[in-house]
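Residue numbers for the sequence shown follow our numbering, so the first one is 12 and each next one is one higher.
For every residue, glycine included, the Cβ atom is placed at its ideal position computed from N, Cα and C.
Here is the structure we will look at.
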Amino acid sequence: MKLNFKLDYTYALIFEKLYYTRNIAQIAKELHMSREAVRRRVKKLIAFGESLLN
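What follows is the structure, given as structure tokens:
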């Protein structure tokens, strides 16, 4: 599966914060984003990582 999306700085911030905490609500609060927006970006990060393995 080929993914056609750009990773902007929010993905990098979320990825860095996931290293320290797994709490989506806390990450959303720190980045002033909704939990659903963070959750969508985490799903895209996971899909991107899986695509690199194939």
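Go through its chain and collect everything with a Cβ distance to residue i's Cβ below 6 Å, but skip five positions before and after it.
i   : result
K28 : I38
Cutting at 7 Å between CB atoms, please list the residues of its own chain near residue i, excluding the five before and the five after it.
i   : result
K54 : none
Can you list, in chain order, the residues of its chain whose CB lies under 8 Å from that of residue i, leaving out five sequence neighbours each side?
i   : result
R52 : T21, Y22, I25
V49 : I25, I35, I38, A39, L42
On the premise that residue j lies in contact with residue i, defined as a C-beta separation below 8 Å, what is that separation, rounded to the nearest angstrom?
i   : j   : result
R46 : A36 : 6 Å
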